[in-house]
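Presented below is the structure to which this report refers.
2 protein chains.
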Amino acid sequence: MKQALLCALLATAALLGCATPTPTVVATPPTGSGDLGVVVERAQGSLQVINTTSRQILGGIAGLGDLSHASVVYGRDGATAYVFGRDGALSKVNLLTHKTDARVQQSGNSIGGAISQDGSLVAAQNYQPGGIKVFDAKTLALVADIPAEYAPGKLSRVVGLADLPGKRFIYSLFDAGEIWIADLSGPGLPKITKFKDVGRQPYDALLTPNGRHYIAGLFGEDGLAMIDLWAPEPKVTRILGGYGRGQEPLPVFKMPHLRGWAVAGRLAYLPAIGRHEVLVVDTENWAEVGRIKVAGQPVFVIARPDGRQVWVNFAVPDYNRVQVIDTQTRQVIKTLEPGKAVLHMEFTPRGEAVWISSRDDNRVSVIATDSFETQTVLSADAPSGIFFSSRANRMGF
Amino acid sequence: MKQALLCALLATAALLGCATPTPTVVATPPTGSGDLGVVVERAQGSLQVINTTSRQILGGIAGLGDLSHASVVYGRDGATAYVFGRDGALSKVNLLTHKTDARVQQSGNSIGGAISQDGSLVAAQNYQPGGIKVFDAKTLALVADIPAEYAPGKLSRVVGLADLPGKRFIYSLFDAGEIWIADLSGPGLPKITKFKDVGRQPYDALLTPNGRHYIAGLFGEDGLAMIDLWAPEPKVTRILGGYGRGQEPLPVFKMPHLRGWAVAGRLAYLPAIGRHEVLVVDTENWAEVGRIKVAGQPVFVIARPDGRQVWVNFAVPDYNRVQVIDTQTRQVIKTLEPGKAVLHMEFTPRGEAVWISSRDDNRVSVIATDSFETQTVLSADAPSGIFFSSRANRMGF
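Heads up: the sequence lines are chains G and A, in that order. In case it helps, my numbering puts the first sequence at residues 90 to 486. In case it helps, my numbering puts the second sequence at residues 90 to 486.
This is the structure:
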């Protein structure tokens, strides 16, 4: 088996025109994919493959189309990544060969995707035509096309897609005010469970790290829609009614990404839409227990893997800054300025470093989370999302 | 960079005598290490390398010495594993080549090890001579030898070793009743912090998943020793005094493995020593909040990654059974008999399956955690510990 793998690699290497090695040279042993990741170069539609141990760029994968709002999920092996382009293209790329192994133009306008718990199915959430499409993770062959038809002939844009245990996906219908669960575990057609009247215009959602609570933000009204998926009969309840948005509507410069919400221990930290605040919420009763003043309108609010810190970036005009909250004192303990137009932050799996993309400075900064020292700065063309292979191990990503 | 890597692989493949491929054949792309793992074959001192996606054995790594109480930690790449043998040998193996890349006979009697947060240092905890030794993770060159000398000329056996953020390790001194932290972040000698009089005979310990609480079980008295490592000035406090052990001493057929203790949400589930019970403890105040009757003396009590289930195996004579606790109802919902002498259980990273070793039936069972159906049974020689590469991403493992 080992030899078969290496011979397969040999074939690949031969295709690339490597010089024939002298047989007496013992090569460096191959390394795994656990410390690999990609940085999205949104303007030119490419990825940079990076290594978080050597803190280097290993090479690029180009020709992936419009990556202006791209997201990435990982197969179970951690070297296979699925890239969802804004233009509706779904690409399967390999972080070891830097090649695109499969690609399908699956819709006209897509906003991300998810991968099933067992890694066998990849789902894309689409604006145009509204619905989700599910693909075989190996071949990208279409397995199911599930239009979000909420009234005769009316298709809703789909947001907030996440995987649930088993071959299930949960997602929100922006135009319908509904949440659906598609179950693809059976042999026949997908089984759809619909939650209606969840609130107006769910615009994004998150799944808590344990997969228990699905929470959709509502653009059309104050509060959020929550489902306890472990309840014997799950139903939608409203939480955080009047948490700020409706109180005195403020201009919103950029919608927060709910998937970035931080759950640290028993508490969740979430961006207050339009306000310079991070809300602190008790996940046992979903009541607000505090607010933390920050430097701008928060976009991503992400916990370091151990939950001891929460890092926040901001909408324009404060998007050159990143702030760090200590979760024990609930104080901002550090303000960083890693570069212009910070779009995303990704922690290494055990949290010793965070990678931050600064789009308008064309760079990615690697920062130690204990000393806040910048360890490395890498060049990338208009970098946006950063996605490490450790996401393969997590639900709701 | 990509080409350099492949050429290196080509060299390796050439050494193995692969047939020269025809250049027109496009090889199967290489896959990552995210779904790899090892099964310890304790009697013959070997590992079986397995894949959790294909549920297959890929090959073996032999010649690792006495693996009768072996444990394994992973480098950041997920393909490099460090094997701590009972005979004091430390081996660095590669899950892609199935080769041993480095090996050192570092002590006379060892009981496991840990890897630093940044992956640069590997530490072994030793009984003989008592202390820890720290090695360069790349070369296995000795970096620091730290004898556990608690009184002039007296060395303690070391147990309960775990990594802390930064280049730090925490461990317990069985013979001294002390807990030490070794900090190797500075340029000079390791800085040692000592906690004295923690209780008699700490025999094993665990670090909570967030790295905040270190808890040592005490063999010599009732209760456990706990340190809140996030406190401004960490100190030892006693928890769960009189939790059972001292009440009416019972014969203990096998000491529970504390590192297997389950933390699911706010609650921790832990084996009651000598009793047929699992204790439920609130991690906010470390008070006991319940007990669950189980089929025998629990050894490993491990939460499924989402915390919705806790799986338990048992000491002799009940070690053919495995029980599943539902954490919402705190009831045993399933009793399984996967084979004789169940020694270990390991969940896939997203929890859809669990791998269980049955030593005396020479097999490893792969069981779905939703339906409890056995998906695959693999043959292995007297299998004990099972360690998946996803451990690379976790603290305290």
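Each residue gets a CB set at the ideal place from its N, CA and C atoms; glycine is no exception.
| query | result |
| --- | --- |
| Taking beta-carbon pairs under 9 Å, can you tell me which members of the segment 157-187 of chain G lie near chain A? | 163, 164, 165, 166, 167, 168, 169, 183, 184, 185, 186 and 187 |
| With a threshold of 8 Å between beta carbons, is residue 459 (chain A) in contact with chain G? | yes |
| According to DSSP, is residue 175 (chain A) part of a helix, a strand, or is it coil? | coil |
| What are the start and end residues of the beta strand (DSSP E) that includes residue 400 (chain A)? | 398-403 |
| Would you grab the beta carbon distance between residue 488 (chain G) and residue 393 (chain G) for me? Rounded to a whole angstrom, and I think it's under 8 Å. | With chain G running from 90 to 486 in the structure shown, residue 488 (chain G) is simply not present. |
| Can you confirm whether residue 395 (chain A), when its beta carbon is compared against all beta carbons of chain G, has any partner nearer than 8 Å? | yes |
| For a contact defined as C-beta to C-beta under 9 Å, what are the partners of residue 481 (chain A) on chain C? | Although the question refers to chain C, the structure presented lacks it and instead comprises the protein chains G and A. |
| Go through its chain and collect everything with a Cβ distance to residue 375 (chain A)'s Cβ below 6 Å, but skip five positions before and after it. | 328 |
| Once DSSP output is grouped into helix, strand and coil, what is the label at residue 191 (chain G)? | strand |
| What does a CB cutoff of less than 7 Å around residue 424 (chain G) pick up in its chain, not counting 5 residues either side in sequence? | 384, 410 and 412 |
| From the DSSP output, in three-state form, read off residue 293 (chain G) for me. | strand |
| Taking CB distances under 8 Å as the criterion, tell me whether residue 118 (chain A) reaches chain G. | yes |
| Going by other Cβ atoms of all chains shown within 10 Å of its Cβ, with 16 needed for buried, is residue 460 (chain A) buried or exposed? | exposed |
| Among G:152, G:125 and G:142, which one has its Cα closest to the Cα of residue 131 (chain G)? | G:152 |
| I'd like to know if residue 142 (chain G) contacts chain A, where contact means its C-beta is closer than 8 Å to some C-beta of that chain. | yes |
| For residue 487 (chain A), I'd like the list of residues in its chain whose CB is within less than 7 Å of its CB, leaving aside the five on either flank, ordered along the chain. | Outside the modelled stretch of chain A, which goes from 90 to 486, sits residue 487 (chain A), for which no answer is possible. |
| So residue 230 (chain G) packs on residue 164 (chain G), CB below 8 Å; how close in whole Å? | Incorrect: roughly 15 Å between the Cβ atoms, too far for contact. |
| Alpha carbon to alpha carbon, what distance is there between residue 304 (chain G) and residue 314 (chain G)? | 6 Å |
| Return the chain-ordered list of same chain residues with a C-beta closer than 6 Å to the C-beta of residue 477 (chain A), the five sequence neighbours on each side being excluded. | 126 and 435 |
| Kindly provide the ranges of any beta strand (DSSP E) runs that are 3 or more residues long and lie completely inside the segment 416-454 of chain G, ordered along the chain. | 420-425, 431-436 and 442-447 |
| Can the beta-carbon of residue 156 (chain A) be found less than 8 Å from the beta-carbon of residue 129 (chain A)? | yes |
| Counting only beta-carbon atoms, is residue 375 (chain A) nearer than 8 Å to chain G? | no |
| Taking residue 358 (chain G) as part of the beta strand (DSSP E), name the residues at either end of that continuous run. | 356-360 |
| Output the distance between the C-alpha atoms of residue 202 (chain G) and residue 359 (chain G), rounded to the nearest integer angstrom. | 22 Å |
| Which residues in chain G sit within 9 Å of residue 348 (chain A), going by Cβ to Cβ distance? | Result: empty, since nearest Cβ-Cβ is about 17 Å, beyond 9 Å. |
| Any chance the segment 466-485 of chain A sits against the segment 435-455 of chain A, with 3 or more Cβ pairs inside 8 Å? | yes |
| Can you pull the chain G neighbours of residue 300 (chain A), defined as C-beta to C-beta under 7 Å? | 395 |
| List, in order along the chain, the chain A residues whose C-beta lies closer than 7 Å to that of residue 420 (chain G)? | Under the 7 Å cutoff, chain A gives no residues; its nearest Cβ is about 14 Å from residue 420 (chain G). |
| Does the CB of residue 360 (chain G) have a neighbour CB from chain A at under 8 Å? | no |
| Quick one, which of A:285, A:184 and A:345 has its alpha-carbon nearest residue 295 (chain A)'s? | A:345 |
| Could you confirm whether any beta carbon from chain A is found closer than 8 Å to the beta carbon of residue 371 (chain G)? | no |
| From residue 356 (chain G) to residue 161 (chain G), what does the alpha carbon distance come to, in whole angstroms? | 27 Å |
| Check whether the Cβ atoms of residue 330 (chain G) and residue 307 (chain G) lie closer than 8 Å to each other. | no |
| Does the CB of residue 355 (chain G) have a neighbour CB from chain A at under 8 Å? | yes |
| Quick one: Cα of residue 180 (chain A) to Cα of residue 250 (chain G), how far? | 43 Å |
| Cβ of residue 155 (chain A) less than 8 Å from any chain G Cβ? | no |
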